[in-house]
Amino acid sequence: MLKNLGTGKPLFVGDASIEVKIADARTGQILGAGADRHVGNKRLDADSFDSWDEVFKTLEIWSDMARYRLCSERGGTHCVKPNA
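Each residue of the sequence shown is one higher than the last, beginning at 40 in this note's numbering.
Structural data, given as structure tokens:
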């Protein structure tokens, strides 16, 4: 409990962070920026024994969010909103 308060995550659980900046290649103007952090789960199921499972799920969430955001910003009409 005390460890959770200090770090914001349970013991023996990993986390992943990402920072993104999108800039115009020609002008250098920043078009967008963002940051996110995901903390793993403590669970016992078949996927939890694969040490890369949480990493793959987090990368999938981030790629879905980026795809949706880019589609929305360009005015797409069939953008699929992620479930994250």
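All residues carry an ideal CB built from backbone N, CA and C; glycine is no exception.
- For Val94, the uninterrupted alpha helix (DSSP H) segment begins and ends at 92 to 112.
- A distance below 6 Å between beta-carbons, with the five flanking residues on each side excluded, links Trp91 to no residue of its chain.
- A direct Cα-to-Cα measurement between Gly73 and Tyr107 gives close to 14 Å.
- It is roughly 32 Å from the alpha-carbon of Thr97 to the alpha-carbon of Thr66.
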